[in-house]
Amino acid sequence: AVGDWIDRLDPVLAVAATDDETVNAAVETAADERDIMVNRTDVSTEPDTARDANSVVVPATVEDGPVRVALSTGGASPALAKALRERIETEIEGAGAMASLSGELRTELKRRDIAPETRREAIRRVVRSDGVWKALQKGRSYGRKEADSVIEEVLNR
Numbered sequence: 026a027v028g029d030w031i032d033r034l035d036p037v038l039a040v041a042a043t044d045d046e047t048v049n050a051a052v053e054t055a056a057d058e059r060d061i062m063v064n065r066t067d068v069s070t071e072p073d074t075a076r077d078a079n080s081v082v083v084p085a086t087v088e089d090g091p092v093r094v095a096l097s098t099g100g101a102s103p104a105l106a107k108a109l110r111e112r113i114e115t116e117i118e119g120a121g122a123m124a125s126l127s128g129e130l131r132t133e134l135k136r137r138d139i140a141p142e143t144r145r146e147a148i149r150r151v152v153r154s155d156g157v158w159k160a161l162q163k164g165r166s167y168g169r170k171e172a173d174s175v176i177e178e179v180l181n182r
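As structure tokens, this is what we get:
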């Protein structure tokens with residue numbers, strides 16, 4: 026039954042995520058027999074246990090604009106992965122705006138023919154500046170103004 030379903034759909038990945046261990050095992054077996062990647066959500070493995078070549082672990086992910094963080098416990102503790110994801114969500118809040126701003130500044134500094142070492146130092150100072158992060162929370166123009174101030178400090182040294 027499961028094998029027929031997989032044959033009809035011809036998936037690249039099969040996810041076995043039911044509350045029935047027998048069904049999940051059947052999906053895993055059918056996928057393995059057909060050399061299809063499989064993610065079985067009801068089975069965790071110890072980090073030092075070898076996984077089957079077709080086994081796939083789907084990490085917990087957090088996104089803020091172009092910033093993406095993925096983490097995994099290797100299936101050992103989905104609850105821990107979720108808890109860590111929730112903590113990281115609060116830590117990277119605003120990172121998307123910072124990534125966009127610092128990318129824009131980097132391009133502008135290149136265009137101005139600022140030496141690579143100075144350019145790197147300026148961008149590092151911007152992304153490490155609490156003032157820029159706080160200003161970005163108020164709005165992009167505030168963040169830009171604060172970042173410009175940080176960059177001018179570096180350029181005028």
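Take the sequence shown: its letters are residues 26 to 182, numbered as in my numbering. Where is the CB? At the ideal position from N, CA and C, for every residue including glycine.
With Glu53 as the anchor, note down where its alpha helix (DSSP H) starts and where it stops. Glu46 to Glu58
Using 8 Å as the cut-off, can you tell me whether the region 126–137 makes contact with the region 93–105, which would need three or more C-beta pairs spanning the two stretches below that distance? no
What distance in whole Å lies between the Cβ atoms of Leu130 and Val151, which are believed to be in contact at a cut-off of 8 Å? 6 Å
Cβ-Cβ separation, Ala56 to Val63 (assumed contact under 8 Å), whole Å: 4 Å
Mark Glu142 as exposed unless 16 or more other C-beta atoms lie within 10 angstroms of its C-beta, in which case mark it buried. exposed
What are the uninterrupted segments assigned as alpha helix (DSSP H) that are 4 or more residues long and contained completely in the region 132–177, given in chain order? 141–153 and 155–163
Among Asp35, Thr54, Val68 and Glu58, the one whose alpha carbon lies nearest that of Asp44: Val68
Rounded distance between the beta-carbons of Ile61 and Val82, thought under 8 Å: With 8 Å as the limit, Val82 and Ile61 do not qualify as a contact, their Cβ atoms being about 16 Å apart.
Tell me the DSSP secondary structure of Asp29 in three-state form. helix
Less than 7 Å between the beta carbons of Glu146 and Val179, yes or no? yes
Let me confirm a value: Arg65 is counted as buried when at least 16 other C-beta atoms fall within 10 Å, else exposed. Which label applies? buried
Hey, Asp173 and Gly121: beta-carbon distance below 7 Å or not? no
Pick from Arg169, Ala26, Thr54 and Ala39: whose alpha carbon is nearest that of Thr133? It is Glu, not Thr, that sits at residue 133 in the sequence shown. Looking at the Cα atoms, Arg169 is the closest of the given residues.
Assuming the contact rule is C-beta atoms closer than 8 Å, Glu53 and Ala41 should be a hit. Round their C-beta distance to whole Å, please. 5 Å
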